[in-house]
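Data first, discussion second: the structure below is written as structure tokens.
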Amino acid sequence: EVDSDGSFESVQPRHHTEGLEALLKRGEKGGLLELKNRQPKWNASSNMYVLDFHGRASLPSCRNVQLAPKAKESDVCFLMGKVEENRFNIV
Numbered sequence: 021e022v023d024s025d026g027s028f029e030s031v032q033p034r035h036h037t038e039g040l041e042a043l044l045k046r047g048e049k050g051g052l053l054e055l056k057n058r059q060p061k062w063n064a065s066s067n068m069y070v071l072d073f074h075g076r077a078s079l080p081s082c083r084n085v086q087l088a089p090k091a092k093e094s095d096v097c098f099l100m101g102k103v104e105e106n107r108f109n110i111v
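Each residue of the sequence shown is one higher than the one before, counting from 21 in the working numbering.
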């Protein structure tokens, strides 16, 4: 989470045996935003699953990904799409 002056909130374990996974299991998200892969939609005309990358991906790739908050999948926070061999746009 970003505070009012644009700084990121630091999240650190309370003890060396407690990490992010332990915090999440206890439901202690603090200022963290939990993201998930945005699910593609089936396109009957092309006979495949697709995601709209708004022109930021021009080649198919298993590495093309969109991450969005679990609560609101339409708000994409991270997008990575292949544009050339070994080149990806990251937004």
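Glycine is no exception: its CB is placed at the ideal position from the N, C-alpha and C atoms.
Task: Member of Ala-77, Glu-54 and Leu-44 whose CA lies at the smallest distance from the CA of Ala-88 - done: The residue given as residue 88 occupies position 68 in the sequence shown. Ala-88 has its Cα closest to that of Glu-54, out of Ala-77, Glu-54 and Leu-44.
Open item on the list: On the DSSP letters alone, give me the boundaries of the alpha helix (DSSP H) that Glu-104 sits inside.
Closed with: Counting from 1 along the sequence shown, the entry for residue 104 is found at position 84. It is not in any alpha helix (DSSP H) - Glu-104 instead sits in the beta strand (DSSP E) that spans 98 to 104.
Task: DSSP bridge partner residues for Leu-55 (one or two, in chain order) - done: The count along the sequence shown starts at 1 and reaches residue 55 at position 35. Bridge partners of Leu-55: Pro-89.
Open item on the list: Suppose the cutoff is 7 Å on Cβ atoms and the five residues either side in sequence are ignored; what does the same chain contact list for Lys-92 look like?
Closed with: Working through the sequence shown from its first residue, we reach residue 92 at position 72. Nothing meets the Cβ criterion.
TODO: Give a yes or no on whether the C-beta atoms belonging to Lys-102 and Leu-79 are separated by under 8 Å.
DONE: Position 82 of the sequence shown holds residue 102. Position 59 of the sequence shown holds residue 79. Yes; because the gap between Cβ atoms is below 8 Å, this pair is in contact.
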